[in-house]
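Enquirer:
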Amino acid sequence: MEYALCMVLIAVGLYGAVVKKNVVKIVISLVIIEFGINALLVLIGYRAAGCAPVLNPGMTVATFTAGAVDPLPQAMVMTAIVINLGLLILMVALCIRLYERFGTFDITEMRRLKG
Amino acid sequence: MSSLLPLFIAVPLGAAFFIPLVSLALKRVPDLLANAVMLALAALACLAIGQTGEYVPGGWGAHLGAALRLDGLTVLMLIIINTIGLAMAIFSVQYMTRYTSKLRYYSIFLCMVAGLNGIALTGDLFSLYIFMEIVAISSYALVAFGCEHDELEAAFKYAVLGTVASAFILIGIALLYAMLGTLNMVEAAARIAAGGINRPLTMALGLFICGFGLKAALVPFHAWLPDAHPSAPAPVSAILSGVVIKTAGIYVLARLVFNVFSIQLVPDMLLILRTLGLVSMVAGGILSLGQWDMKRLLAYSSISQIGYIVVGLGLGTPLGLVGALFHMLNHSVFKSLLFLNAGAVEYATGSRDLKSLGGLWRNMPFTANISLVGSMSISGIPPFNGFWSKLIIVLACLESGHPWLALAAVAMSLATLAALLKMQKHAFYNDHKPASALAAEVPFLMRAAMILLAVLCVLIALLVLAGFRNPYLIGPAADALRAWGGAG
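As you go down the protein sequences, you meet chains Y and C in turn. Okay, so the first sequence: first residue is 1 according to this note's numbering, each after it adds one. Okay, so the second sequence: first residue is 1001 according to this note's numbering, each after it adds one.
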């Protein structure tokens, strides 16, 4: 069920990226895709009723592995968030420059190049 | 050698950080530092020839630490990245004076080189994603570097499609981790070999094909390339077309398909690769014929040549792999050379529109002759390197019983020749059009970079002296593709 919700979030982002004409909305759609993937990654490391993956004093490795959720996807999500932040800043900067040049946010009016 | 591996990533990243700092005081430092770094990296890559090794940072062992691995294929990629990068750095010294901020350019450029080296070296799937994003973000920034209408539009298109591709790849990595419980490529390969393929793994493979196919600009996913590559400054177009689509696209795709998922477990993969390759080869070749923008013509021809490489990989035979990897090395050299020629023409005349250019061989004899070397290499005229790799691919097609693929490869070679002859004629030789009187030969360092690549075009052809089956440098790389994992 939760996995399906992540996929729905990713699909919503993809839909927005394909259909929307406003460049800022496209950027927001891309961010939604990334959030969907981050949620999926956290979900992969989740275990029902697991504890935080911190090795407290007095805790043996055996109880840790028996009780804690998988810490690796969480580390991956942290990294992915930082990468997405860099990407978001670059894309928003591009949007501002596009607005300066074309005087519009509408992508259908920026058609100087033919694919 | 193993302990030197992190230098390939650390040195360019460090230089990217220091260039803006030191150049506030000293104006010539960015040029010198960037060239020195690229020269050192190219030398280091040559030192790595014939070696293998593994570097595991931290004390956690290879299965937890993000290991760096060196094998034959990695050596080939490192040589491609750093040699072409050196030529680009030399070319940039004088070419980039047209743009405003050289130090920012070098900074982003070196970040990109660090990311490319990281992709080639890493043995860990998530590190692979990180390095890929470093390359992607720096290349979006470099495509937008001119900040004019075309550049911004192309960069936005490239960024949107590239982000979607990265998202697919990350979902694929997440699925792989969920199924196998490891991110290390060698362990993942062993676990796939032990447990076989199931549906989520097949889905991950499909996502990888879409994601890396988009990064490599295979034909259904190619729409961004003819806009993005011509819009960038010439050295950046050259490294995007010559190195980035191969490292971030083809290399990783080959690594995942052949090493991590072994090809015996998913035999249909070869058919998919052959189909994608054939479509790219034909569509790119035909579309390049109709272009009048010099760099756009070259960009479409890149799609066609990428098709050759993927067809070679899709044959799956030892000879096919040798041909594909050899063509990858060759294409990186001659396509970079041709993009530098286009950059030189643009530098001298301010235009790259073939309809308005003409007769440049009188003003720029050097560039015209060097461009002829590049054109003959890419079209497969015998003494040059492009002939040998195309010959090997065609022979491999025939050997593995695909005569129609061989025929298509030969026909598209002719289309490439026609497109490049059109470029030669309209840019350099057409005497009916008046040559631009102001155009003069480009400065020395730009010519030096072109000479370096033209000499490589001739020298690389000598690699086949060791035989078609196992040429020097390429043979070990092809062996590496079949060495580990389930194929073992």
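Cβ atoms here follow ideal geometry from the backbone N, Cα and C, with glycine treated the same way. Here the structure is a predicted model, which is why all the values come from computation and not from measurement.
#1: So if I threshold CB-CB distances at 9 Å, which residues from the stretch 1108 to 1140 of chain C count as touching chain Y?
#2: Under 9 Å, do C/L1176 and C/A1204 count as touching if we go by C-beta distance?
#3: Along the beta strand (DSSP E) that carries C/L1240, what are the first and last residues, could you check?
#4: Among C/L1128, C/L1256, C/G1285, C/A1406, which one has its Cα closest to the Cα of C/A1190?
#5: If you draw a straight line from the C-alpha of C/I1173 to the C-alpha of C/M1185, how long is it?
#6: Evaluate Y/V132 with the Cβ neighbour count: other Cβ atoms within 10 Å of its Cβ, from every protein chain shown; 16 or more gives buried, anything less gives exposed.
#7: Starting from C/L1086 and walking both ways along the beta strand (DSSP E), at which residues does that stretch end?
#8: Could you check which residue in C/D1071, C/T1416, C/T1367 has the C-alpha nearest to that of C/A1449?
#9: Between Y/V31 and the rest of its own chain, which residues show a CB-CB distance below 8 Å, the 5 nearest in sequence each way excluded?
#10: For the pair the stretch 1450 to 1465 of chain C and the stretch 1082 to 1101 of chain C, tell me if three or more CB-CB distances fall below 8 Å.
#11: Starting from the beta carbon of Y/L30, find every residue of chain C whose beta carbon is closer than 9 Å, and list them in chain order.
#12: Shorter than 9 Å from the beta carbon of Y/G115 to some beta carbon of chain C?
#13: With a Cβ-Cβ cutoff of 9 Å, do C/V1333 and C/C1210 count as a contact?
#14: Can the beta-carbon of C/L1276 be found less than 9 Å from the beta-carbon of C/V1252?
#15: Can you look up C/R967 in the DSSP assignment and give me helix, strand or coil?
#16: Could you list which residues in chain C have their beta carbon closer than 7 Å to that of Y/L94, in chain order?
#17: If you check the beta carbons only, do C/A1409 and C/Y1308 fall under 9 Å apart?
#18: Could you list which residues in chain Y have their beta carbon closer than 8 Å to that of C/I1306, in chain order?
#19: So, is the C-beta of Y/L72 closer than 9 Å to a C-beta in chain C?
#20: Any Cβ of chain Y within less than 9 Å of the Cβ of C/E1148?
#21: How is C/G1486 classed by DSSP in three states: helix, strand or coil?
#22: By DSSP's criteria, Y/A17 is part of a beta bridge. Which residues make up the other side?
#23: Does any residue of chain Y have a CB that is nearer than 9 Å to the CB of C/L1183?
#24: Would you say C/I1171 faces chain Y, with C-beta separation under 9 Å as the test?
#25: Given a threshold of 16 other Cβ atoms within 10 Å of its Cβ, counted over all protein chains shown, does Y/E34 qualify as buried or as exposed?
#26: For Y/L90, would you say it is in contact with chain C, using Cβ-to-Cβ distances shorter than 9 Å as the test?
#27: Using a Cβ-Cβ distance cut-off of 9 Å, determine whether Y/F64 contacts chain B.
#28: With a threshold of 9 Å between beta-carbons, can Y/G86 be considered close to chain C, or not?
#29: Cα separation between Y/A66 and Y/A52?
#30: Restricting to runs no shorter than 4 residues, where is the alpha helix (DSSP H) found entirely within the stretch 1001 to 1073 of chain C?
#31: Give the list of continuous alpha helix (DSSP H) stretches no shorter than 4 residues that lie fully inside the stretch 1356 to 1438 of chain C.
#32: Which first and last residues belong to the alpha helix (DSSP H) in which C/L1271 is found?
#33: Indicate whether at least one CB of chain Y lies closer than 9 Å to the CB of C/A1440.
#34: So with Cβ pairs under 9 Å, would you call Y/M105 a contact of chain C?
#35: So, is the C-beta of C/A1178 closer than 9 Å to a C-beta in chain Y?
#36: Closest by CA to C/V1260, which one among C/I1197, C/D1031, C/T1349, C/N1035?
Expert: By the coordinates alone:
#1: The residues in question are F1126, Y1129, I1130, E1133, I1134, A1136, I1137, Y1140.
#2: yes
#3: For C/L1240, no beta strand (DSSP E) segment is defined, and its DSSP state is neither H nor E.
#4: C/L1256
#5: 11 Å
#6: In the structure displayed, chain Y extends from 1 to 115; residue 132 of chain Y sits before or after that span and is not available.
#7: Note, C/L1086: premise wrong, no beta strand (DSSP E); alpha helix (DSSP H) at 1072 to 1095.
#8: C/T1367
#9: G13, N84, L88
#10: Counting Cβ pairs under 8 Å, three or more are found: they touch.
#11: A1159, V1160, T1163, V1164, A1167
#12: Note that Y/G115 has pLDDT 49, beneath the 50 cutoff, so the model's placement of it is unreliable and the number below is only indicative. Judged by the 9 Å Cβ criterion, Y/G115 is in contact with chain C.
#13: No. Outside cutoff.
#14: In this structure, the beta-carbon distance from C/L1276 to C/V1252 does not fall below 9 Å.
#15: Residue 967 of chain C cannot be examined here, being either before or after the span of chain C that is shown, 1001 to 1488.
#16: A1144, L1152, A1155, F1156, A1159
#17: Going by C-beta atoms, C/A1409 is nearer than 9 Å to C/Y1308.
#18: Within 8 Å Cβ-Cβ: nothing; C/I1306 doesn't reach chain Y, min ~17 Å.
#19: yes
#20: yes
#21: For C/G1486, the pLDDT reaches just 40, beneath the cut-off of 50, and the residue's location in the model is therefore unreliable, although a value from the coordinates is still provided. C/G1486 falls in the helix class under three-state DSSP.
#22: None; Y/A17 has no bridge partner.
#23: Interface residue, yes.
#24: yes
#25: Buried: at least 16 other Cβ atoms inside 10 Å.
#26: yes
#27: Going by chain labels, chain B is absent from the structure shown, which instead holds the protein chains Y and C.
#28: With 9 Å as the cut-off, Y/G86 counts as an interface residue toward chain C.
#29: 12 Å
#30: 1007 to 1022, 1029 to 1047
#31: 1360 to 1363, 1365 to 1379, 1385 to 1399, 1403 to 1424
#32: 1268 to 1289
#33: Chain Y contact via Cβ: absent.
#34: Note on residue identity: the sequence assigns Phe, not Met, to residue 105 of chain Y. By this cut-off, Y/F105 is not an interface position.
#35: yes
#36: Put simply, of C/I1197, C/D1031, C/T1349, C/N1035 the residue whose alpha carbon is nearest the alpha carbon of C/V1260 is C/I1197.
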